[in-house]
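First residue of the sequence shown? That's 573 in this note's numbering, and the numbers climb one at a time after it.
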Amino acid sequence: TFADQAVIAIENARLIRELEESNRETQEALELQTAIGEVLNIIGRSPTSLEATLPAIGEAARQMCGADRASVSFLTPNGVSLWDTQRSFWQGPNFDSAMRSMTSGGRSFGSAIMETGQPLHVSGAIEEWEAEYPAAAEINRRDGLRELAMLGVPLPGPNGPIGALLLIRNRTTPFLERHQAILETFADQAVIAIQNSQLFHELEEKTEELEIASRHKSEFLANMSHELRTPLNAIIGYAELLEEEATDLGDEDYLPDLARIQSAGQHLLTLISGILDLSKIEAGRMSLFLEDIDIEKLVAEAQAIVAPAVEKNRNTFVVECPENIGTMYADVVRVRQVLFNLLSNAAKFTEDGTVTLRAARDGENVTFAIQDTGIGMTREQVDKLFEAFSQASIETSRKYGGTGLGLALSRDFCRMMGGDITVESEEGTGSTFTITLPARVVLSEEHVQREEN
């Protein structure tokens, strides 16, 4: 019958509307997910730049909700900041005074949202809501608007709203309930962007403070170490004189004590010199003095000086250096210091074994490999090996002594010259330290400026 057909037609129309609504919701959800994905990508690429992230968030919200403009206002430690799609400008710490100069004061949409912590929807001619939001009315009149629709949501923070995200239509067509849900989603993204930026800047400030404190510490240590070395050298010198006099006078009972004074003084002097060098490096005051170095002669010197320490522990000392290895251009004092330190360590930690020094050219570099068959190290010990004042273990420190500065300084010296030190080690088998340096060291711009100064 006609009535049955009408019922069927009505039902079909209802189903079509439901299908269309479902398709619209699905399409809108897909667009929202795509927009959020794009925003998150921008936040990921520019986690500290609100100039990049907030415009993307505002523009995505504007397009999704069919608005003409969007704005984000938020609290900062220095006041309030604002971004607006129409004006495309930022107001920083002076935003409050700028707003007062633009308007006669009073309530704005953003301030109302932050006061209540609730979403706000206003629609109609300006005259209809001007009394409640006078600041917003004045600003929009200056923009040439006589009517609008506004939807705003708070930017949630741990202790209340930290800002507001607003959408404006230049007509009175109201926003829908689903638009509020969309806007709240983008508000969450805005909060993430703002908090990321603020955390980064806080971290930057803390890092700068720590760098200044570290520099002051290094300068203090450098000055203090220098002041300590002068009287310590005098003590060591007088101990040597007393030892000579005691020997001449035949007072041999005093000799062991005087020898201990000299030994302890030399140990303390070595420690202070290490601290002084480390402090200079950290404070950026360490200079390099480059010159041509006869590599074969350098290796022979190292062999002659370190041989007694190697043989003291009944070790065999093997030295391999090609006769035609030639020269290198570097700081001879620092290269020699690094070689002596690594060879002394190899001799100290090896008994009844072999210590080997190999020098070679490798393309544009010169390498020195110091290999031993000593106690070796675990992976964990190797990982912290080059930290200042760090030693392999407490047991090692007690048995073999040392300050924990030598390897840290050695690596720093090598890196200052554009090289490095690497290590391979196995506990109970031994270690191999490899020094790699440019055959011709070039001072960095920082060192050049320091030398000029």
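Just so it is clear, CB atoms sit at the ideal spot from N, CA and C, and this is done for glycine as well. What you are looking at is a predicted structure, and each value in this text was computed from that prediction instead of being measured.
### Query
Exposed or buried, which one is L587 when buried takes at least 16 other CB atoms within 10 Å?
Looking at its Cβ environment, which holds fewer than 16 other Cβ atoms inside 10 Å, L587 is exposed.
### Query
When DSSP labels each residue in this structure, what does V954 get in the three-state scheme?
Note: V954 maps to helix in three-state DSSP.
### Task
Quick one: residues in its chain with C-beta nearer than 8 angstroms to the C-beta of I865, no 5 flanking neighbours on either side, listed in chain order?
Counting only Cβ-Cβ distances below 8 angstroms, and skipping sequence neighbours, we find T899, M900, Y901, A902, V904 and V907.
### Message
Would D640 and R750 be called neighbours here (beta carbons separated by less than 8 angstroms)?
### Response
A distance of 8 angstroms or more separates the beta carbons of D640 and R750.
### CA-to-CA distance, S786 to D829, given in whole angstroms
Those two C-alpha atoms are separated by around 39 angstroms.
### Query
For G1028, does the three-state DSSP call read helix, strand or coil?
Shown here, the chain extends from 573 to 1025; a query on residue 1028 therefore has no answer.
### Task
State the beta-bridge partners of N795 as determined by DSSP.
DSSP output for N795 lists no bridge partner at all.
### Message
With DSSP as the reference, identify every bridge partner of E552, one or two as the case may be.
### Response
Past the edges of the chain, shown from 573 to 1025, lies residue 552, and the structure says nothing about it.
### Task
Mark V882 as exposed unless 16 or more other C-beta atoms lie within 10 angstroms of its C-beta, in which case mark it buried.
Residue burial annotation: V882 is buried, with at least 16 other C-beta atoms found within 10 angstroms of its C-beta.
### Message
Taking the straight line between their C-alpha atoms, what separation do you get for A811 and S997?
### Response
Going by the C-alpha atoms only, they are around 41 angstroms apart.
### Query
Relative to the C-alpha of V878, which residue among I942, L957, R589 and A980 is closest?
Closest by alpha carbon: I942.
#### Entry: Nearest to D924 (by Cα), restricted to the options V644, E854 and G946
Comparing alpha carbon positions, the residue from V644, E854 and G946 closest to D924 is G946.
### Query
With respect to the alpha helix (DSSP H) encompassing T625, which residues constitute its N-terminal and C-terminal limits?
Following the DSSP letters along the chain, one finds T625 inside the alpha helix (DSSP H) bounded by residues L622 to C637.
### Message
Using 8 angstroms for Cβ pairs, my map puts V954 next to V927. What's the rounded Cβ distance?
### Response
19 angstroms between Cβ atoms; not a contact.
#### Entry: Sub-8 angstroms separation of M988 and L1009 beta-carbons
Not a contact, by the Cβ cut-off of 8 angstroms.
### Message
Using 8 angstroms as the cut-off, can you tell me whether the region 843-853 makes contact with the region 818-826, which would need three or more C-beta pairs spanning the two stretches below that distance?
### Response
A contact between stretches requires three or more CB pairs, one per stretch, nearer than 8 angstroms, and the region 843-853 fails this requirement with the region 818-826.
### Task
Let me know the secondary structure DSSP gives T779 once reduced to three states.
In the structure shown, T779 falls within a helical segment according to DSSP collapsed to helix, strand and coil.
### Query
Taking C-beta to C-beta, are L738 and S643 nearer than 8 angstroms?
One thing to note: L738 has its Cβ within 8 angstroms of the Cβ of S643.
### Task
Locate the alpha helix (DSSP H) running through R741, then write down its first and last residues.
Per DSSP, R741 belongs to no alpha helix (DSSP H); it is in the beta strand (DSSP E), G735 to R741.
### Query
Distance, Cα to Cα, T648 vs Q770?
Those two C-alpha atoms are separated by around 8 angstroms.
#### Entry: Cut-off 7 angstroms between Cβ atoms - residues of its own chain near G689, not counting five sequence neighbours on either side
Correct list, in chain order: P726, G732 and P733.
### Spatial distance of S660 from W701 (CA atoms)
No answer about S660 holds up, because its pLDDT of 47 lies below 50 and its placement is not dependable.
### Query
What is the rounded straight-line gap between the Cα of P691 and the Cα of I582?
In a straight line, the C-alpha of P691 is about 38 angstroms away from that of I582.
### Task
Give me the Cβ distance between Q838 and I807, rounded to the nearest whole Å; I'm assuming they're in contact under 8 angstroms.
Q838 to I807, Cβ: 10 angstroms. No contact.
### Collapsed DSSP secondary structure at S1003 in the structure displayed
The answer is strand: DSSP assigns S1003 an E or B state.
### Task
May I have the straight-line CA-CA distance separating T888 from R951, to the nearest angstrom?
Answer to the nearest angstrom: the Cα atoms are 27 angstroms apart.
### Task
For the beta strand (DSSP E) containing P726, list its first residue and its last residue.
Counting along the chain, P726 sits inside the beta strand (DSSP E) bounded by residues E719 to L727.
### Message
Quick check: is the beta carbon of L782 nearer than 8 angstroms to any beta carbon in chain D?
### Response
In the structure shown, chain D does not exist; there is a single protein chain.
### Task
Quick one: grab the DSSP three-state call for N584.
Three-state DSSP puts N584 in a helix.
### Message
Pop quiz: L914 and F792 are said to be a contact at Cβ under 8 angstroms. What is the actual Cβ separation, rounded to whole angstroms?
### Response
Not really, about 30 angstroms apart at Cβ, beyond 8 angstroms.
### Task
Just the C-alpha distance for I897 and A1011, rounded to the nearest angstrom, thanks.
Computed Cα separation, rounded: 11 angstroms.
### Task
Report the rounded CA-to-CA distance for E631 versus W655, giving the unit in angstroms.
In this structure, the alpha-carbon of E631 lies about 11 angstroms from that of W655.
### Query
Which residue or residues does DSSP assign as beta-bridge partners of H773?
DSSP, once it has assigned bridges, lists no residue as partnering H773.
#### Entry: Other residues of its chain near T745: CB distance less than 7 angstroms, five sequence neighbours each side excluded
Around T745: A721.
#### Entry: For A931: DSSP bridge partner residues
Note: A931 sits in a beta bridge opposite F940.
### Message
Just checking G732 against the ligand PLP - is the residue's beta carbon closer than 7 angstroms to any of the ligand's heavy atoms?
### Response
This structure lacks the ligand PLP; in fact it carries no ligand of any kind.
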